[in-house]
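Undergrad:
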Amino acid sequence: MNTTTEKRTTFDRKKISIFLLDHVIEICLILLVIGLTLSANRFLTWANWMNIFRANALKGVIAFGMTMVIISGLIDLSIGSTVGLSGVIVAVACRDLSAEGINLTTACIIGMGICFILAILIGWLHGTFQHRTNMPAFIVTLTSMYALRGLAGKLSGGFPIANEFPEWFNMLGGGRIGGINGIPIPAVVLLVSFFIVWFIMEYTITGRATYAVGGNPESARLSGIDVEKTKIIAFITVQLMSVIAGFMTSGQVMSGTFTFGVGWELDVIAAVVVGGTSFDGGVGKVWGTLIGVIFMGVISNGMTLLNIDVHTQYIVRSVIVFLAVLLGSYRARVKA
Amino acid sequence: MSVLTIRTEHITKDYPGTRALDDVSLTYEGGRVHALVGKNGSGKSTLVKILAGAVLPTDGAFYLNEEKLHVNSTSDAYGKGIFSVYQEMSLVPGLSVAENIFLGRLPKKNEIIDWPKTYRLASTLLEKMKINIDPHEQVSRLSMWQMQVVEITKALSFSPKVIMLDEPTSALAQNEVENLFDAVRALRNQGVIVIYISHKLQELPQIADTVSVLRDGKLIGTRQMNDVTQKEIIHMMFGEVKIRQRPNDLRIQDEAIMEVKGLSRKEKYEDINFSLKRGEVLGIAGMLGSGRTELLRGIFGADPFDSGEVVIGGVTHKSTNPVKMVRAGVGLTPEDRKIEGLILIHSVKDNLCYASMHITANGWIENKRKRDSFAEKQVKDLDIVISSFDAACESLSGGNQQKVVVGNWLNTSPKIMLYDEPSRGIDVNAKQQIFEIIWQQARKGVSSIFVSSELEELLEVCHRILIMRKGKIVDEVLPDHINVTGLYEICMGG
Chain F
296 MNTTTEKRTT
306 FDRKKISIFL
316 LDHVIEICLI
326 LLVIGLTLSA
336 NRFLTWANWM
346 NIFRANALKG
356 VIAFGMTMVI
366 ISGLIDLSIG
376 STVGLSGVIV
386 AVACRDLSAE
396 GINLTTACII
406 GMGICFILAI
416 LIGWLHGTFQ
426 HRTNMPAFIV
436 TLTSMYALRG
446 LAGKLSGGFP
456 IANEFPEWFN
466 MLGGGRIGGI
476 NGIPIPAVVL
486 LVSFFIVWFI
496 MEYTITGRAT
506 YAVGGNPESA
516 RLSGIDVEKT
526 KIIAFITVQL
536 MSVIAGFMTS
546 GQVMSGTFTF
556 GVGWELDVIA
566 AVVVGGTSFD
576 GGVGKVWGTL
586 IGVIFMGVIS
596 NGMTLLNIDV
606 HTQYIVRSVI
616 VFLAVLLGSY
626 RARVKA
Chain W
-16 MSVLTIRTEH
-6 ITKDYPGTRA
4 LDDVSLTYEG
14 GRVHALVGKN
24 GSGKSTLVKI
34 LAGAVLPTDG
44 AFYLNEEKLH
54 VNSTSDAYGK
64 GIFSVYQEMS
74 LVPGLSVAEN
84 IFLGRLPKKN
94 EIIDWPKTYR
104 LASTLLEKMK
114 INIDPHEQVS
124 RLSMWQMQVV
134 EITKALSFSP
144 KVIMLDEPTS
154 ALAQNEVENL
164 FDAVRALRNQ
174 GVIVIYISHK
184 LQELPQIADT
194 VSVLRDGKLI
204 GTRQMNDVTQ
214 KEIIHMMFGE
224 VKIRQRPNDL
234 RIQDEAIMEV
244 KGLSRKEKYE
254 DINFSLKRGE
264 VLGIAGMLGS
274 GRTELLRGIF
284 GADPFDSGEV
294 VIGGVTHKST
304 NPVKMVRAGV
314 GLTPEDRKIE
324 GLILIHSVKD
334 NLCYASMHIT
344 ANGWIENKRK
354 RDSFAEKQVK
364 DLDIVISSFD
374 AACESLSGGN
384 QQKVVVGNWL
394 NTSPKIMLYD
404 EPSRGIDVNA
414 KQQIFEIIWQ
424 QARKGVSSIF
434 VSSELEELLE
444 VCHRILIMRK
454 GKIVDEVLPD
464 HINVTGLYEI
474 CMGG
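In order, the protein sequences belong to chains F and W.
Reading the first sequence from the start, the letters are residues 296 to 631 in the numbering used here.
Reading the second sequence from the start, the letters are residues -16 to 477 in the numbering used here.
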């Protein structure tokens, strides 16, 4: 009698600790919001929160695609270069095609179309190449990171291409729904892309296959799952999202600049990892990434409001990422 | 120099539920090669582990030169001069032969590694082994038998008294075996006690001086190699086995569900032809390396085959892959369930529904309710013991894990099931349950191919047994017409 009750309490305790560990990032976010609300009086305002969303949506959009890639046991380092390249491509299309006498809006849409096709091509190449040669995804995408950045520099001639976009292109990055204090369009794009990736991962066989491929590619293959196709889908998704982020970035400043997006890959990966996705593949949640993106945004916003200098901000960010990964490995041990 | 001896006295080892070794007393002398044989689970590897200090005996003791040994760890055993060379190599592929031999204890001069001395010492040792390997060569560039010899040379560098070789020839080609034997003889001639574990009985007369047979943990006997026949050894290994009867309501239907025609893969299997009838349980027997696993994987498309075709339900497949085979109604439970069969970090429910993903979903969108019901059905039908459907598969016992692998496939309603060593590493009870599942499926008209290294199992479970040797089907027998020793002899090709 005594032993059974004892067993039950330890079992419950384990369940509770797993629950807490699974939601530790949400809990930290809530505590952080409370703390900042008390210490910085401009923090909990509509304008500030919309600002947080606007500033973090660009990388955030990519983070959802990156979650898919990391869950499938891969990595894509080339996304920052895609961001820069897509802005340059659209700018060049606007400039050169309108010089040929084509309507500026048509020219812009053609440029965006080229970017989407390019994203699909890059993703497909990454997936096929990584799968067939069994080269590490890190190396495969590192090489395209350099190549795409170089291509962007070549296309733009090494200078920003400013003021070639049509007026409405600015809306993508800088627009708001409902006037000057409305919801920023990037925030809307962030939420829409969250829902799309969340739906794929939770409710489709593509999502199920992505988890399986990351969990154990050989078992997945022998269960009749098309591993190559699954990898390609993940790589294409993250590239498409990088292109969209590229449009928003260049739209915000109305300039296609080949250096846009430098170093983004690591910020994006950090947000995904803070959201609880395992670097070993097979484990992770898209919801976690959304929280991870908001968390990283709130941290830097809060520190700026508290007049903490940017160097300290980097150190704080480092500690957060470290703790998140530490918690992740601890969680895996508790669950086992 | 007096002759070395190692003597075990009444060694017994109990594991929960089983006695792995039962009162084993034997004496081995230096300068001779002592073969230790027995079928899977006979206790030979337990005995080796005890001598090597990896496992403590429940009872009994052993003596080296009449000195009682207290060996509590492998490093204790090293200290006494007892070394074992396992099938899994402990060499570092990227380092040179000499570095591997002296790994962790490279000769130093003034705290700096003395490379000339390292290579000099290594070549002296290699000469002792009468083997021509360059000590500068990188280990990854050596052939399998050369690696085995380097491993033995490494043991030799510790001036060993006892060296145990665990299945050293299992991965070697015929000519390589000869080379390895030369090295083993060189080792023996230095007065070392060589204990040689092997299942390849036909090799024993070439290399062994004595042979000891273990069965069910007991020492059946030790004989001089030159006055025992292979037949006698096999008889000692198996004794009089009572094969259990398979249920008599299993009917084979006349319709051939699958035909394999001229299937070949270079260096793995050659010109394989057979047909499988609806409801039939077909066994494939063969020694390790006979090509049985490779053939199964070839049919399923886990690895490609070079030529030939597989005809399933009238459809000819010139090449196969798992995606195609799942659609054709074929399932494979792979040899290593942890590495190839399951996603250990994922839940029982997920693992039960991977192969049937395209069936449970409505097109692209998942139907969670249908998935749940599929998982529940298998847990109930196969009697899988789980704490919850969300528990990770790594937390299950071997038998339950194997049932999850089988359940994953039964959810696809297969026409043909390929089982590769389904009973490996699971307890007797779970084994019997797996057999029941295979028979139950046979009653429903599902055909099975059953590969196992346990010959008794094949005789119990199958309607018909194909025997493979060196990549070819050499014989076909009916379980009612043969006994274990007969089957073993055909597998060995004695």
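Virtual Cβ for every residue (Gly too), placed ideally from N, Cα, C.
For residue 207 of chain W, which residues does DSSP report across the bridge?
TA: W/193
Undergrad: Using the beta-carbon count (16 or more within 10 Å), is residue 534 of chain F buried or exposed?
TA: It is buried - the Cβ of residue 534 of chain F has at least 16 other Cβ atoms within 10 Å.
Undergrad: If you check the beta carbons only, do residue 116 of chain W and residue 108 of chain W fall under 8 Å apart?
TA: At least 8 Å separates the beta-carbon of residue 116 of chain W from that of residue 108 of chain W.
Undergrad: Anything in chain W within Cβ reach of residue 390 of chain F, meaning under 9 Å, just list it in chain order.
TA: Within chain W, no residue comes near residue 390 of chain F; the closest Cβ sits about 40 Å away, beyond 9 Å.
Undergrad: Which same chain residues, not among the five before or five after residue 557 of chain F, have their C-beta less than 6 Å away from its C-beta?
TA: 375
Undergrad: Closer than 6 Å by C-beta to residue 578 of chain F: which residues in its own chain qualify, once you throw out the five before and the five after it? Chain order, please.
TA: Nothing meets the Cβ criterion.
Undergrad: Just to make sure I have the definition right: I need the residues of chain W whose C-beta is within less than 8 Å of the C-beta of residue 618 of chain F. Which are they?
TA: Ordered by position in chain W, no residue passes the 8 Å Cβ test against residue 618 of chain F, which lies about 22 Å from the chain.
Undergrad: What in chain W is Cβ-close to residue 501 of chain F, meaning under 8 Å?
TA: 347
Undergrad: Measure the beta-carbon distance from residue 167 of chain W to residue -11 of chain W and round it to whole angstroms, keeping in mind my assumption that it falls under 8 Å.
TA: The Cβ separation is near 17 Å, so there is no contact.
Undergrad: Quick check on this structure: which residue in W/283, W/134, W/201, W/294 has the alpha carbon closest to the alpha carbon of residue 6 of chain W?
TA: Taking only the C-alpha atoms, the option nearest residue 6 of chain W is W/201.
Undergrad: Considering only residues of the region 371 to 424 of chain W, which uninterrupted beta strand (DSSP E) runs meet the minimum length of 3 residues and lie entirely inside it, listed in chain order?
TA: 399 to 403
Undergrad: Under a three-way DSSP split, which group does residue 429 of chain F fall into?
TA: Correct three-state label for residue 429 of chain F: coil.
Undergrad: In chain F, what lies closer than 9 Å to residue 322 of chain W by C-beta?
TA: Near residue 322 of chain W (Cβ distances below 9 Å), the residues of chain F are 511, 513, 514.
Undergrad: Identify every run of the beta strand (DSSP E) within the region 42 to 130 of chain W, keeping only runs that are complete inside it and at least 3 residues long; order them along the chain.
TA: 42 to 47, 65 to 68
Undergrad: Give a yes or no on whether the C-beta atoms belonging to residue 315 of chain W and residue 285 of chain W are separated by under 8 Å.
TA: yes
Undergrad: In chain order, what residues of the same chain have a beta carbon less than 8 Å from the beta carbon of residue 370 of chain W, not counting five sequence neighbours either side?
TA: 378
Undergrad: What is the DSSP secondary structure of residue 536 of chain F, counted as helix, strand or coil?
TA: helix
Undergrad: Counting only the same chain and skipping the five closest in sequence on each side, list residues whose C-beta sits under 6 Å from that of residue 428 of chain W.
TA: 261, 262
Undergrad: Identify whether residue 570 of chain F lies in helix, strand or coil by the three-state DSSP scheme.
TA: coil
Undergrad: With respect to the beta strand (DSSP E) encompassing residue 3 of chain W, which residues constitute its N-terminal and C-terminal limits?
TA: 1 to 12
Undergrad: Which same chain residues, not among the five before or five after residue 129 of chain W, have their C-beta less than 7 Å away from its C-beta?
TA: 116
Undergrad: Once DSSP output is grouped into helix, strand and coil, what is the label at residue -5 of chain W?
TA: strand
Undergrad: At a CB distance below 7 Å, what residues from the region 77 to 98 of chain W approach chain F? Give them in sequence order.
TA: Per Cβ criterion, the list is empty.
Undergrad: Quick check: the region 431 to 440 of chain F against the region 361 to 377 of chain F, are there 3 or more CB pairs under 8 Å?
TA: Between the region 431 to 440 of chain F and the region 361 to 377 of chain F, the count of Cβ pairs shorter than 8 Å is three or higher; the stretches touch.
Undergrad: Have a look at F/513, F/441, F/511, F/420 and flag the residue whose alpha-carbon is nearest the alpha-carbon of residue 532 of chain F.
TA: The residue with the shortest Cα to Cα distance from residue 532 of chain F is F/420.
Undergrad: Roughly how many whole angstroms lie between the Cα atoms of residue 30 of chain W and residue 4 of chain W?
TA: 7 Å
Undergrad: With a threshold of 8 Å between beta carbons, is residue 309 of chain F in contact with chain W?
TA: False, the Cβ-Cβ gap to chain W never drops below 8 Å.
Undergrad: Starting from the beta carbon of residue 391 of chain W, find every residue of chain F whose beta carbon is closer than 9 Å, and list them in chain order.
TA: Close partners of residue 391 of chain W in chain F (Cβ separation under 9 Å): 518.
Undergrad: For the ligand NAD, any of its heavy atoms closer than 7 Å to the Cβ of residue 138 of chain W?
TA: Ligands displayed in this structure: none; no statement on the ligand NAD is therefore possible.
Undergrad: Threshold first: 3 residues or longer. Then list the beta strand (DSSP E) segments lying entirely within the region 240 to 297 of chain W, N to C.
TA: 252 to 260, 264 to 268, 290 to 295
Undergrad: Would a check of beta-carbon distances place residue 299 of chain F closer than 8 Å to chain W?
TA: Residue placement at residue 299 of chain F is flagged as unreliable, the pLDDT there being 44, under the threshold of 50; the coordinate-derived value follows with that caveat. At least 8 Å separates the CB of residue 299 of chain F from every CB of chain W.
Undergrad: Please go through the same chain and pick out, in chain order, the residues whose beta-carbon is closer than 6 Å to the beta-carbon of residue 543 of chain F, but skip the five residues on each side of it.
TA: 353, 467, 468, 481
Undergrad: Could you list which residues in chain W have their beta carbon closer than 8 Å to that of residue 578 of chain F, in chain order?
TA: 328
Undergrad: In three-state terms, what does DSSP make of residue 296 of chain F?
TA: Bear in mind that a pLDDT of 38 at residue 296 of chain F, under 50, signals an unreliable position, so the model cannot answer this.
Undergrad: Does DSSP put residue 436 of chain F in a helix, in a strand, or in coil?
TA: helix
Undergrad: Threshold first: 4 residues or longer. Then list the alpha helix (DSSP H) segments lying entirely within the region 144 to 183 of chain W, N to C.
TA: The region 144 to 183 of chain W contains these whole alpha helix (DSSP H) runs: 157 to 172.
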